[in-house]
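These notes are about the structure you will find just below.
Numbering (my numbering), first residue to last: 5 to 404.
Here's what the structure looks like:
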């Protein structure tokens, strides 16, 4: 997936290719051998072409890397899911077979759910406005991002990232006839307030123990030390969110699996069938532009350009509301914060739309792109990277 590593519109790979081309010509010129200039010029021209040419709106080297990675994932997809995998977790494990859930019991006898792949651990908070109406207006749903940013480093514990995931399902449901009672009742309300039938918010905190070895060692080292360090950050963030008027619940293992299943928009009937008969066949299929789970079709976009926020521009909650009010089965917005240097913070955004079929997905995708263009937001559909894109929108802690 597109990652930090570019200088404006020029990516780091392109800059390296240009520098290599210049180095080849410089070496040929310094050798003071005239016959070397022609082959050196040909090599330099080839390197420049690789830096300049694009395919699918991406530089050629990056397009080649994503194509090769997709082929490898398709080969890996022939392997069955490990026996005993929870039916609600199985589609996520198909995308990353190394993922495992853990249940950690704290000193005050709380059961805390965590998930990781051996290189990181993630804990998830379910966040709700406290003492608010069931369907608050957009102004009442502004999660204080400053608190999320402050959680990136607590008591010497440095997180790899902190991710906010908002999952919405519209009201009325898009498959209902226009003249149905539900459509006539909820349609005007949704148009006026932009209130969906369901809006769930999770904050996923991702710890890489290698970023805070001393803090992990001070709490017991190894997996237990990492779990205690992650719990310290999660508890502090939950407390600060409570002070800001939110109810933040740290999920246990069962609730964490349920959150991943809900965010993946799994078909409950398929979950029940696979859970009863213990099926091990794969339920997910990745294509160039889509990721399919059971009978649900997904497409993920990367936010390549943010508009001016505040001070005359649109607020972030307004943008999220626009993008998550589409007439589709579900929309998931993910925003990941991570440290950039000593004081800076990088912001990465992804949007995933979920539909009941390929045609509906294509239609809603075009609506999303038009809405993004009107809001001056740059969106790039993650062709050949739909599985990494889907993982980036699940409450796992951030960009894959």
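Yeah, the Cβ is synthetic: ideal placement off N, Cα and C, and Gly gets one too.
Because the structure is a prediction, the values reported are computed rather than measured.
Should the segment 162-169 be called in touch with the segment 323-340, which here means at least 3 C-beta pairs below 8 Å? yes
Please name the residue in 202, 260, 147, 127 whose C-alpha comes closest to that of residue 4. The structure shown does not extend to residue 4, since the chain spans only 5 to 404, so no value can be given for it.
How big is the Cα-Cα spacing for residue 388 and residue 394? For this step, residue 388 is matched to residue 384 along the chain shown. For this step, residue 394 is matched to residue 390 along the chain shown. C-alpha separation (whole angstroms): 12 Å.
Which same chain residues end up closer than 7 Å to residue 230 when comparing Cβ atoms and leaving out the 5 residues on each side of it in sequence? In the chain shown, counting from the first residue as 1, residue 230 sits at position 226. Closer than 7 Å at the Cβ level, and outside the excluded window around residue 230, lie 125, 211, 213, 220.
Do the segment 348-368 and the segment 231-243 touch if we need at least three Cβ pairs shorter than 8 Å? no
Between the segment 242-250 and the segment 258-277, are three or more C-beta pairs nearer than 8 Å? no
Identify, in the order they occur along the chain, each residue of the same chain with its Cβ nearer than 7 Å to the Cβ of residue 359, setting aside the five sequence neighbours on each side. Indexing the chain shown from 1 puts residue 359 at position 355. Result list for residue 359: 301, 332, 333, 365, 368, in chain order.
In this structure, how does DSSP classify residue 404 when only helix, strand and coil are distinguished? Here residue 404 corresponds to residue number 400 of the chain shown, with the count starting at 1. Residue state, collapsed to three classes: coil.
With distances taken from CA atoms, which of 255, 86, 240, 217 is nearest residue 152? Position 148 of the chain shown, counted from the start, is the residue given in the question as residue 152. If we check each option's Cα against that of residue 152, 240 comes out closest.
Continuous beta strand (DSSP E) stretch holding residue 115: start and end: On the chain shown, position 111 is the one that residue 115 refers to. Looking at the DSSP string, the run of the beta strand (DSSP E) that includes residue 115 is 115-120.
Between the C-alpha atoms of residue 97 and residue 379, what's the straight-line distance to the nearest angstrom? Looking up residue 97 in the chain shown gives position 93. Looking up residue 379 in the chain shown gives position 375. Rounded to whole angstroms, residue 97 to residue 379 spans 35 Å at the Cα level.
With DSSP collapsed to three states, give me the class of residue 63. Along the chain shown, one-based indexing puts residue 63 at 59. Residue 63 falls in the strand class under three-state DSSP.
Go through the segment 329-386 residue by residue and report every complete run of the alpha helix (DSSP H) that reaches 4 residues or more, in order. 362-378
What three-state label does DSSP hand residue 132 in the structure shown? Here residue 132 is taken as the residue at index 128 of the chain shown, counted from 1. Strand.
For residue 207, count the other beta carbons within 10 Å of its own beta carbon; 16 or more makes it buried, fewer makes it exposed. Which is it? As a position in the chain shown, residue 207 is number 203, starting the count at 1. Flag for residue 207 reads buried.
Report, in whole angstroms, the separation of the C-beta atoms of residue 479 and residue 306, which I expect to be a contact under 8 Å. Any answer about residue 479 is impossible in this case: the structure gives the chain only from 5 up to 404.
Would you mind listing the beta strand (DSSP E) stretches within the segment 233-320 that are 3+ residues and don't spill past its ends, in chain order? 250-254, 288-290, 295-297, 300-309
So, for residue 328: in the same chain, excluding its five sequence neighbours on each side, which residues have a beta-carbon less than 6 Å away from its beta-carbon? Residue numbering aside, residue 328 sits at position 324 when the chain shown is read from its first letter. Same-chain partners within the cutoff: 172, 335, 337.
Figure out for me which residue from 51, 67, 41 has the closest Cα to the Cα of residue 30. Taking the first residue of the chain shown as 1, we reach residue 30 at position 26. Comparing Cα positions, the closest option is 41.
Apply the 10 Å Cβ neighbour rule to residue 290 and answer buried if 16 or more other Cβ atoms are within range, or exposed otherwise. Looking up residue 290 in the chain shown gives position 286. With 16 or more other Cβ atoms within 10 Å, it is buried.
Roughly how many angstroms separate the alpha carbons of residue 110 and residue 303, rounded to a whole number? Your numbering for residue 110 matches position 106 in the chain shown. Your numbering for residue 303 matches position 299 in the chain shown. Straight-line Cα distance between these residues: approximately 38 Å.
At the level of alpha carbons, what is the spacing between residue 73 and residue 261? To locate residue 73, count along the chain shown from 1; it is residue 69. To locate residue 261, count along the chain shown from 1; it is residue 257. Cα to Cα, residue 73 sits roughly 27 Å from residue 261.
What's the C-alpha gap between residue 91 and residue 102? Counting from one through the chain shown, the residue named residue 91 turns up at place 87. Counting from one through the chain shown, the residue named residue 102 turns up at place 98. Cα to Cα, residue 91 sits roughly 16 Å from residue 102.
Considering Cα atoms alone, identify which of 402, 320, 100 is closest to residue 288. Numbered from 1 along the chain shown, position 284 holds the residue referred to as residue 288. Comparing Cα positions, the closest option is 100.
Among residues of its own chain, excluding the 5 on either side of residue 106, which ones have a beta-carbon nearer than 6 Å to its beta-carbon? Walking along the chain shown from the start, residue 106 turns up at place 102. Around residue 106: 118.
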